[in-house]
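Colleague:
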Amino acid sequence: MKTRVLALVVLGAVSLIAQDAGIRYTDITRQSGIDFVHNNAATGEKYLPETMGSGAAFMDYDGDGWADVFLVNSTGWPGTSASPSSSRLYRNNRDGTFTDVTRQAGLDTNFFGMGVAVADYDNDGDPDLFVTALGPNHLYRNDGDGTFTEATAAAGIPPIDDFSTSVAWSDYDLDGNADLFVVNYVRWSIEDDLYCTLDGTNKSYCTPESYEGASMRLYRNTGSGRFEDATEASGLFDPTSKGMGIAVFDYDQDGWPDVMLVNDTEPNKLYRNRGDGTFAERGLLSGIAFDESGVARAGMGVDTADYDRSGYPSVVIGNFSNQMLSLYHNEGNGLFIDDAPRSQVGRNSLLTLAFACLFYDYDLDGWLDLFAANGHIEEGFERIQSRTRFRQAPHLFRNMAGQGFEEITTSLGESFATPRVARAAATADIDHDGDLDMLVTTNGGPAVLFRADGVTNRSLRIRLEGTDSNRDGLGARVTVTAAGASQTQTLRSGAGYLSQSEYVLTFGMGTLAGADRVEVRWPSGMTDVLEDVDAGQTITVEEGRGVTATEPHAN
Numbered sequence: 001m002k003t004r005v006l007a008l009v010v011l012g013a014v015s016l017i018a019q020d021a022g023i024r025y026t027d028i029t030r031q032s033g034i035d036f037v038h039n040n041a042a043t044g045e046k047y048l049p050e051t052m053g054s055g056a057a058f059m060d061y062d063g064d065g066w067a068d069v070f071l072v073n074s075t076g077w078p079g080t081s082a083s084p085s086s087s088r089l090y091r092n093n094r095d096g097t098f099t100d101v102t103r104q105a106g107l108d109t110n111f112f113g114m115g116v117a118v119a120d121y122d123n124d125g126d127p128d129l130f131v132t133a134l135g136p137n138h139l140y141r142n143d144g145d146g147t148f149t150e151a152t153a154a155a156g157i158p159p160i161d162d163f164s165t166s167v168a169w170s171d172y173d174l175d176g177n178a179d180l181f182v183v184n185y186v187r188w189s190i191e192d193d194l195y196c197t198l199d200g201t202n203k204s205y206c207t208p209e210s211y212e213g214a215s216m217r218l219y220r221n222t223g224s225g226r227f228e229d230a231t232e233a234s235g236l237f238d239p240t241s242k243g244m245g246i247a248v249f250d251y252d253q254d255g256w257p258d259v260m261l262v263n264d265t266e267p268n269k270l271y272r273n274r275g276d277g278t279f280a281e282r283g284l285l286s287g288i289a290f291d292e293s294g295v296a297r298a299g300m301g302v303d304t305a306d307y308d309r310s311g312y313p314s315v316v317i318g319n320f321s322n323q324m325l326s327l328y329h330n331e332g333n334g335l336f337i338d339d340a341p342r343s344q345v346g347r348n349s350l351l352t353l354a355f356a357c358l359f360y361d362y363d364l365d366g367w368l369d370l371f372a373a374n375g376h377i378e379e380g381f382e383r384i385q386s387r388t389r390f391r392q393a394p395h396l397f398r399n400m401a402g403q404g405f406e407e408i409t410t411s412l413g414e415s416f417a418t419p420r421v422a423r424a425a426a427t428a429d430i431d432h433d434g435d436l437d438m439l440v441t442t443n444g445g446p447a448v449l450f451r452a453d454g455v456t457n458r459s460l461r462i463r464l465e466g467t468d469s470n471r472d473g474l475g476a477r478v479t480v481t482a483a484g485a486s487q488t489q490t491l492r493s494g495a496g497y498l499s500q501s502e503y504v505l506t507f508g509m510g511t512l513a514g515a516d517r518v519e520v521r522w523p524s525g526m527t528d529v530l531e532d533v534d535a536g537q538t539i540t541v542e543e544g545r546g547v548t549a550t551e552p553h554a555n
């Protein structure tokens with residue numbers, strides 16, 4: 001393994017990490033100029049796809065270093081009078097406002113969109129978009145001049161009539177190119193729609209148990225601007241799956257990215273990467289397939305992180321109401337144990353229906369916290385279960401320095417805790433002040449942009465540029481050590497549900513002046529080491545060269 005040691009200068013003295021107080025999330029949606037409203041196409045027919053969307057992503061599409069916003073929209077059903085409704089791209093104006101540039105960017109298109117993931121699949125320095133849909137999916141190549149070109153057919157991705165949900169990019173074969181994992185839900189069409197009812201009289205949305213499953217698809221990036229379908233050859237083909245969420249992460253820390261597939265009413269799957277282009281399914285053996293009673297839950301979104309600094313990434317899964325969140329702790333020996341039933345995470349989430357779930361450090365104290373976006377699929381469901389609501393407040397659980405989680409949702413402001421029919425969620429530092437702001441979508445309603453206010457702790461933010469590895473640095477493992485303690489994050493695509501957070505890793509530093517050491521382990525096998533790195537800034541680390549750019553955080 002090749003290692004390079006590089007140095008930066010630390011200013012100031014090292015101090016202890018302190019808890020931040022008085023943090024609020026301020027709803028800045030209207031003043032920011034983001035006026036997106038999701039069209040779920042609902043007209044009373046209760047078609048299954050209406051309940052699912054919509055997706056969201058933070059991405060720096062124009063390369064100016066500021067996080068822009070992409071929001072996925074659906075459209076009306078054929079034969080209805082619904083107006084066309086496009087997905088939307090908003091450019092960050094760097095002053096707290098955004099401008100809708102959808103038409104100029106060439107993204108003013110009309111289809112039943114679901115989820116989104118971002119990656120520089122052609123390694124040209126510009127982030128590209130993949131948008132999943134009911135029907136053919138769409139790959140948009142970034143032309144580097146503020147516009148995108150529909151490149152699905154040119155890239156060799158066939159126009160299959162799938163019902164796709166979440167999506168993730170990852171270099172699973174470590175050849176330096178980002179490959180594409182597309183999750184599919186069930187076999188559904190208007191013609192094959194079934195009549196289901198909760199009360200014996202009125203039609204309701206059917207559960208996925210009523211429909212046949214569908215396999216996820218793996219498209220291998222050949223490095224020539226084209227993809228080949230590697231689903232069967234890799235061992236990932238499984239038509240019994242009913243996938244909603246995906247996380248690509250190295251659960252056994254052997255250097256090869258593995259795949260977590262979250263299913264709705266089917267066992268979850270954990271595919272171990274054998275390192276030869278194939279995967280072995282380990283869901284049942286690892287303990288992650290079922291709940292503690294041996295029942296397959298209705299899983300939605302998923303995220304992974306080393307939230308307790310054990311050296312191994314654990315897993316959180318959003319589940320249906322009366323099933324609680326899953327918090328599978330990675331024991332480091334190939335096994336996972338669900339800690340949720342014995343914690344506030346489980347008790348407080350029993351009645352909520354969680355879609356997106358994310359690990360991130362909201363207070364920058366150096367410990368990853370846990371967020372869940374909640375909302376039911378059936379309005380009036382409280383008539384069936386009196387304690388369940390259609391609109392639901394989110395959960396934000398503060399990490400108590402690795403000693404469990406404590407819910408603090410109501411302390412973060414009335415707007416943040418407002419009940420919604422939430423779906424996707426993503427985080428980014430939209431104003432360059434060092435803390436993480438949040439974007440949340442609602443089904444059939446507006447997207448909501450929250451600005452984090454009152455965070456006094458500092459952060460060290462790290463942007464990666466691969467050279468031998470894929471350009472985005474997907475799969476790179478970054479460890480920051482300060483005051484004798486280390487925290488580790490891995491750059492990944494597609495966390496949460498139908499969503500994509502920004503490709504910058506944010507490490508909370510508390511009141512520390514800086515990090516003693518930053519180690520970046522790239523997918524190629526190279527390791528870059530930085531020593532004495534200031535907090536309060538965003539640095540760009542290029543593989544093999546070290547720090548190539550720095551930017552201090554705004555006060």
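Okay, so the sequence shown: first residue is 1 according to our numbering, each after it adds one. By construction, the Cβ of each residue, glycine as well, lies at the ideal position given by its N, Cα and C atoms.
Around the C-beta of Tyr-271, are 16 or more other C-beta atoms found within 10 angstroms, so that it is buried, or is it exposed?
Modeller: buried
Colleague: Looking at Gly-245 and Phe-279, is the spacing between their C-beta atoms short of 7 Å?
Modeller: Pairing Phe-279 with Gly-245 gives a Cβ-Cβ distance that is not under 7 Å.
Colleague: Taking the beta carbon of Asn-374 as the centre, do at least 16 other beta carbons fall within 10 Å, making it buried, or is it exposed?
Modeller: buried
Colleague: With a 10 Å radius around its C-beta and 16 neighbouring C-beta atoms as the bar for buried, classify Gln-31 as buried or exposed.
Modeller: exposed
Colleague: State the Cα-Cα distance for the pair Phe-112 and Pro-208, rounded to the nearest angstrom.
Modeller: 19 Å
Colleague: Helix, strand or coil, according to DSSP, for Pro-446 in the structure here?
Modeller: strand
Colleague: Taking only three categories from DSSP, how would you classify Glu-407?
Modeller: strand
Colleague: Check whether the segment 502 to 511 and the segment 461 to 470 touch, using three or more Cβ-Cβ pairs below 8 Å as the test.
Modeller: yes
Colleague: Based on Cα-Cα distance, which residue from Gln-253, Gly-243 and Thr-97 lies nearest to Asn-273?
Modeller: Gln-253
Colleague: May I ask you to report which of helix, strand or coil DSSP gives Ala-233?
Modeller: In the structure shown, Ala-233 sits in a helix (DSSP, three-state: H, G or I).
Colleague: Fully enclosed by the segment 227 to 281, which beta strand (DSSP E) runs are 3 residues long or longer?
Modeller: 227 to 229, 243 to 249, 258 to 263, 269 to 273 and 279 to 281
Colleague: In this structure, does DSSP put Leu-107 in helix, strand or coil?
Modeller: coil
Colleague: My output table needs one value for Ala-296: the three-state DSSP class, helix, strand or coil.
Modeller: coil
Colleague: Whole angstroms is fine: what's the gap from Leu-134's alpha carbon to Ser-164's?
Modeller: 6 Å
Colleague: Just the C-alpha distance for Thr-490 and Thr-442, rounded to the nearest angstrom, thanks.
Modeller: 28 Å
Colleague: Starting from the C-beta of Tyr-360, find all residues in its chain whose C-beta is less than 6 Å away, skip the five residues before and the five after it, and write them out in chain order.
Modeller: Thr-427 and Leu-436
Colleague: Among the candidates Pro-523, Thr-511, Gly-525 and Leu-530, whose CA atom is the shortest distance from the CA of Arg-517?
Modeller: Leu-530
Colleague: DSSP state of Phe-98, grouped into three classes?
Modeller: strand
Colleague: Using DSSP with H/G/I as helix, E/B as strand and the rest coil, what is Glu-543?
Modeller: coil
Colleague: So which of Asp-369, Ala-214, Gly-294 and Gly-255 has the shortest CA-CA distance to Trp-188?
Modeller: With distances taken between Cα atoms, Trp-188 lies closest to Ala-214.
Colleague: Going by C-alpha distance, which of Ala-515, Asn-268 and Val-69 is nearest Tyr-90?
Modeller: The shortest C-alpha separation from Tyr-90 is found at Val-69.
Colleague: Along the beta strand (DSSP E) that carries Gly-510, what are the first and last residues, could you check?
Modeller: Counted as a single uninterrupted DSSP element, the beta strand (DSSP E) harbouring Gly-510 occupies residues 504 to 510.
Colleague: Which residue from Thr-511, Asp-145, Pro-84 and Leu-174 puts its Cα closest to that of Gly-277?
Modeller: Leu-174
Colleague: Among the residues of its own chain, which have a CB less than 6 Å from the CB of Trp-522, if the five just before and after it don't count?
Modeller: Closer than 6 Å at Cβ, skipping near neighbours: Ser-469, Ala-476 and Glu-543.
Colleague: Restricting to runs no shorter than 4 residues, where is the alpha helix (DSSP H) found entirely within the segment 144 to 228?
Modeller: none
Colleague: Using CA coordinates, which residue listed in Val-541, Val-520 and Gly-514 is at the minimum distance from Ala-535?
Modeller: Gly-514
Colleague: I'd like to know whether the C-beta atoms of Val-183 and Gly-243 end up nearer to each other than 7 Å.
Modeller: yes
Colleague: From the DSSP output, in three-state form, read off Ser-349 for me.
Modeller: Shown here, Ser-349 sits in coil according to DSSP, grouped into three states, outside any helix or strand.
Colleague: Could you say which of Ala-178, Ala-356, Leu-353 and Gly-283 lies nearest to Asn-330 if we only look at CA atoms?
Modeller: Gly-283
Colleague: Considering only residues of the segment 45 to 82, which uninterrupted beta strand (DSSP E) runs meet the minimum length of 3 residues and lie entirely inside it, listed in chain order?
Modeller: 56 to 59 and 68 to 71
Colleague: Between the C-alpha atoms of Glu-281 and Phe-98, what's the straight-line distance to the nearest angstrom?
Modeller: 43 Å
Colleague: Which residues does DSSP pair with Val-520 in a beta bridge?
Modeller: Val-478 and Asp-528
Colleague: Quick one: give me the first and last residue of the beta strand (DSSP E) that Leu-335 is part of.
Modeller: Taken as a continuous stretch (DSSP letters only), Leu-335 belongs to no beta strand (DSSP E), as it is neither H nor E.
Colleague: DSSP three-state call for Gly-318: helix, strand or coil?
Modeller: strand
Colleague: Does the beta carbon of Glu-292 sit closer than 7 Å to a beta carbon anywhere in chain B?
Modeller: Here there is only one protein chain, and chain B is not present.
Colleague: How would you write the range of the alpha helix (DSSP H) that Ser-286 sits in, first residue to last?
Modeller: Bounds of the alpha helix (DSSP H) holding Ser-286 are 283 to 286.
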